[in-house]
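Asks: Have a look at the structure that comes next, please.
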Amino acid sequence: MLSAKKIIKCLDDHWPVLETLVGRSTLGSFSFQDVQALIQRHSPGFSSEQVFREAQRLLHHEVLIPLAKSSQLELNRAVLEFIQFLTQEHQLGTVGDIQSRIEDLDRLRGKLKAAADTKDVSEMRRFIRLMDERVREVVKHFRKNESAIMHLVEKAKADDTKLSLAKRYSAVMEAFDEYIEPVLQMIDINAPFQHSMQALEHQLSELILNIEQTGFLQSEKEPLVQLRTRLLDMNQIGREALIRSTDVLMPLREELRKNTLISRNASALLAHLRKKGLEPTLEQLVPKFSSDHQKFSLGSANQITSYMAELVDFQDEAYQMPEQVDPGDNANIRVPDLAEVLKSARVQKANTDLSKWLAKSYPQLPVDELLFLYQELSRAPTLKLQHLEQYSTLEVNGYRLTLHPFVPTATSGT
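Take 70 as the starting number for the sequence shown in our numbering and just add one per residue.
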């Protein structure tokens with residue numbers, strides 16, 4: 070059996086090497102020679118024999134584990150998570166990790182109630198301990214994922230490669246789409262998460278009140294109070310972590326949205342240039358600096374001589390002119406100003422949900438810009454909107470959107 074003290078001593082002796090290997094773990098496995106090279110780099114005074122012996126020591130204490138049917142190595146998963154916890158460099162988890170523990174809390178809640186009804190003290194203690202562990206795990210996931218998002222944002226901002234903004238921010242956008250959005254749906258006031266938390270808090274409060282009134286199971290009151298307090302803290306910690314994560318992700322998402330709009334308009338302009346040519350496209354944009362006198366005056370003698378010399382060698386040549394293109398198809402996309410849209414929404418006072426009104430009022434607007442306006446208008450206090458529980462499906466420019474609709478309140482329509 071491995072000695073815990075020896076493992077801790079091994080981690081302490083080779084901490085710089087292990088930190089480097091943690092960074093490389095995301096890229097794949099590494100070889101025994103790679104480990105020796107890292108030990109030699111961080112301990113230049115070691116001989117080749119000492120380097121080999123220290124690398125073998127990491128293998129012997131199972132800090133490094135060989136891959137199945139391969140000579141490559143990887144960090145022990147427990148060591149990897151331990152170092153990531155200490156260095157606050159976590160990998161972003163999924164909402165399923167949190168959801169599974171919430172479902173387990175629901176299951177344990179029923180078992181705790183059954184144990185309390187039968188006054189089974191040992192079972193109550195066991196279920197309280199298990200529920201306390203699940204709550205701690207949920208809090209750990211919230212904090213770990215927040216740290217991972219902060220790391221992703223810092224990495225995306227510090228990336229000085231010549232990649233496009235969309236590629237540099239791809240991991241950030243995935244974090245928003247695959248973690249922030251699902252967690253927002255999970256902790257929604259009408260979602261099962263809130264119902265589970267309220268039911269569990271209510272049950273714990275009833276048990277505590279029953280103990281205070283009857284005096285029975287007085288020794289179990291303190292664990293129940295601690296569990297209820299930790300449960301309320303878990304809900305608050307999750308919301309605060311989500312708010313902080315959203316605050317750092319939204320500026321990057323907005324920057325990418327504006328960059329995408331500029332790229333889309335630039336592509337439309339280049340397509341227009343290829344089809345109609347430079348002069349027809351820029352004719353209305355280039356200012357005229359020449360006077361009437363300059364327009365009708367003859368050039369110099371050298372210019373006229375050169376022009377006449379070119380006419381001598383002139384040959385007629387058939388040239389296929391580009392076809393006329395409807396400028397409306399390639400016109401630059403103009404995003405309406407948010408203040409104008411808000412004013413229009415207040416004036417019209419449409420008795421329909423906000424998404425349908427936007428789709429009808431701005432049919433040519435891209436879906437991402439439409440969702441941006443939808444998000445901003447839904448927060449506007451002057452519109453007096455209410456959030457419905459049922460879903461609404463909407464077809465916009467080939468995309469199907471499923472949303473909880475915002476509709477005017479009964480008082481706002483009068």
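Beta carbons: idealized from backbone N, C-alpha and C, even for Gly.
With DSSP as the reference, label Thr462 as helix, strand or coil.
Replies: Reduced to three states, the DSSP call for Thr462 is strand.
Asks: Per DSSP, what kind of secondary structure is Phe478 in: helix, strand or coil?
Replies: The amino acid occupying residue 478 in the given sequence is Thr; Phe does not appear at that position. Reduced to three states, the DSSP call for Thr478 is coil.
Asks: Reducing DSSP to helix, strand and coil, say where Glu386 ends up.
Replies: Glu386 falls in the coil class under three-state DSSP.
Asks: Quick one, are the C-beta atoms of Val91 and Leu127 less than 8 Å apart?
Replies: It is not a contact, given that the beta carbons lie outside the stated cut-off.
Asks: Alpha carbon to alpha carbon, what distance is there between Leu221 and Pro435?
Replies: Near 28 Å, if we compare the C-alpha coordinates of Leu221 and Pro435.
Asks: Could you pull the start and end residues of the beta strand (DSSP E) that Pro320 belongs to?
Replies: No beta strand (DSSP E) holds Pro320; the alpha helix (DSSP H) holding it covers 290 to 345.
Asks: Pick from Ser117, Ser98, Leu96, Gly97: whose alpha carbon is nearest that of Ala106?
Replies: Nearest C-alpha to Ala106: Ser117.
Asks: Can you round the beta-carbon distance between Met219 and Leu325 to whole angstroms, since I take them to be within the 8 Å contact cut?
Replies: At roughly 18 Å, the Cβ-Cβ gap does not stay under 8 Å, so Met219 and Leu325 are not in contact.
Asks: Output the boundary residues of the beta strand (DSSP E) element that contains Arg469.
Replies: Residues 468 to 472.
Asks: Return yes when the Cβ of Tyr443 is within less than 8 Å of the Cβ of Leu457, no when it is not.
Replies: Going by C-beta atoms, Leu457 is not nearer than 8 Å to Tyr443.
Asks: Buried or exposed: Trp426, going by 16 or more other Cβ atoms within 10 Å of its Cβ?
Replies: Buried, since its Cβ has 16 or more Cβ neighbours within 10 Å.
Asks: Going straight from the alpha carbon of Asp201 to that of Lys213, what length do you get?
Replies: If I take the Cα positions, the gap works out to 18 Å.
Asks: What does Glu143 pair with, by DSSP beta-bridge criteria?
Replies: Paired residue(s): Ile134.
Asks: Where Ser98 and Arg198 are concerned, what is the direct C-alpha to C-alpha distance, given to the nearest angstrom?
Replies: For Ser98 and Arg198, the distance between alpha carbons rounds to 38 Å.
Asks: Would you tell me roughly how many angstroms separate the C-alpha atoms of Met319 and Ser332, rounded to the nearest one?
Replies: Between Met319 and Ser332, the C-alpha separation is close to 20 Å.
Asks: In the DSSP assignment, what are the bridge partners of His456?
Replies: The partner list for His456 (beta bridge, DSSP) reads Phe475.
Asks: So, for Val120: in the same chain, excluding its five sequence neighbours on each side, which residues have a beta-carbon less than 6 Å away from its beta-carbon?
Replies: Closer than 6 Å at Cβ, skipping near neighbours: Gln105, Ile108, Gln109.
Asks: Given Ser461, which residues of its chain have a CB within under 7 Å of its CB, disregarding the five upstream and five downstream residues?
Replies: Correct list, in chain order: Asp422, Ser424, Leu472, Pro474.
Asks: Hey, is Ser117's beta-carbon within less than 8 Å of any beta-carbon in chain B?
Replies: You won't find chain B in this structure, because it holds only one protein chain.
Asks: Rounded to whole angstroms, what is the Cα-Cα separation between Val465 and Gln153?
Replies: The straight-line gap from Cα to Cα measures roughly 43 Å.
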